[in-house]
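In the working numbering, the protein residues as written are 125 to 283. Scroll down for the structure; my scribbles are underneath it.
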């Protein structure tokens, strides 16, 4: 069973609102998590990358500007935070079966161990966690110890 680290490793980078940027971000996240040797399963990696795509795509699509991604390993969870300059907090919406969009946060709430949103000085942060090992638990939108974890690139409001 993984244990919490006193100083969790973190990895941050910026994502531009370009067509291939989300795919590049997914590859960077996967490489970093593998490098940390977290013990994450293939299914958990699939969930991690799907949810990362959803929150990063939302950030760059709805703002049209660069967002900041921070990935953290707490010793028990992999946490992804996406900061964008729009201060409006997103929420899970109901969609009709034929809708081609609007399911991103529904997927996050269904597959993440925990997730949430918060306003920050640069806009908002949308985050989720995937527990490594053990069985998945019901998603809970609550803060965790990783809220105060190490540094990632600072997001700034566009001028």
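Note that CB positions come from ideal geometry on N, CA and C, so glycine has one too. In this text the structure is predicted, and so the values were computed from the model without any measurement.
Tell me which residues share the same chain as residue 189 and place their Cβ nearer than 8 angstroms to its Cβ, disregarding the 5 neighbours each side in the sequence. 141, 208, 209, 282
Are the CB atoms of residue 204 and residue 192 nearer to each other than 7 angstroms? no
Label residue 156 either buried or exposed according to how many other C-beta atoms from any shown protein chain fall within 10 Å of its C-beta, with 16 as the threshold for buried. buried
Quick one: residues in its chain with C-beta nearer than 7 angstroms to the C-beta of residue 160, no 5 flanking neighbours on either side, listed in chain order? 133, 197
Is residue 251 closer than 7 angstroms to residue 288 when the C-beta atoms are compared? Residue numbering for the chain in the displayed model covers 125 to 283; residue 288 lies beyond these limits and cannot be assessed.
Identify whether residue 148 lies in helix, strand or coil by the three-state DSSP scheme. helix
Hey, out of 168, 150, 248, whose CA is closest to residue 186's CA? 248
Kindly indicate which residue of 183, 202, 232 has the alpha-carbon position closest to the one of residue 169. 202
I'd like the span of the alpha helix (DSSP H) that includes residue 234, first residue to last. 228–235
According to the Cβ coordinates, are residue 257 and residue 163 closer than 7 angstroms? yes
Check whether the Cβ atoms of residue 173 and residue 254 sit closer than 7 angstroms, and answer yes or no. no
Under three-state DSSP, which class holds residue 180? helix
Residue 139 and residue 149 - do their beta-carbons sit closer together than 7 angstroms? yes
Residue 234 to residue 179 span [Cα, whole Å]: 14 angstroms
Could you give the first and the last residue of the continuous beta strand (DSSP E) run that contains residue 202? 201–208
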